Amino acid sequence: MMHALFRRIDASPAQERAIVAELDKLEDRVHAAKAGVHEARGDLAAALRGPVLDDAALGAVVGRVDAAIGEVRSAVIGALRAVHGLLDDRQRGQIADLLERRGFRGRGPTPGPAPVQV
Numbered sequence: 000m001m002h003a004l005f006r007r008i009d010a011s012p013a014q015e016r017a018i019v020a021e022l023d024k025l026e027d028r029v030h031a032a033k034a035g036v037h038e039a040r041g042d043l044a045a046a047l048r049g050p051v052l053d054d055a056a057l058g059a060v061v062g063r064v065d066a067a068i069g070e071v072r073s074a075v076i077g078a079l080r081a082v083h084g085l086l087d088d089r090q091r092g093q094i095a096d097l098l099e100r101r102g103f104r105g106r107g108p109t110p111g112p113a114p115v116q117v
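Residues in the sequence shown are numbered from 0 upward in steps of one, following numbering that gives the first Met the number 0.
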């Protein structure tokens, strides 16, 4: 999919390498955040195990999940900023048009509502 996008926007080899590097960094950061959430499962299990819900343990779990969500949000924003800076105006416009019209996976414009027949 990325190669098709790179061809479509006529990305230079340097742009391709830099964008792939940014996406790899994003993937690493998301993976680390997911690992943190996965590790919180034990804490959640401990909070639920007792006869009374352990609010302190539950708060710690929610805090870890919130931190992971914040990390992913920050990683996505950072990657978008970096990729935006790597593209020229024409390329940014092409990607924006793709997103607006149909996304990257679609086969054509999203159909609107069916016409009303009278």
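Glycine included, each C-beta is placed from N, C-alpha and C at the ideal position.
This one's a predicted model, so the numbers in the text were calculated from it and none came from an experiment.
Pairing Glu21 with Ala78 gives a Cβ-Cβ distance under 9 Å. In the DSSP assignment, Arg91 falls within the alpha helix (DSSP H) that extends over 88 to 100. Counting only the Cα atoms, Asp88 lies some 47 Å from Leu43. Minimum Cα-Cα distance from Ala31 among the listed residues Met0, Asp9, Val19, Val64 corresponds to Val64.
Within the model, the alpha-carbon separation for Ile68 versus Gly84 is close to 24 Å. Counting along the chain, the unbroken alpha helix (DSSP H) around Gly77 starts and ends at 54 to 85. Excluding sequence positions up to five before and after Arg91, its CB lies within less than 8 Å of the CB of His83, all in the same chain and listed in chain order. A Cβ-Cβ contact shorter than 9 Å links Ala46 with Leu52. Contact annotation: Ala74 and Lys24 have beta-carbon atoms nearer than 9 Å.
The Cβ-Cβ distance between Leu97 and Arg6 does not fall below 9 Å.
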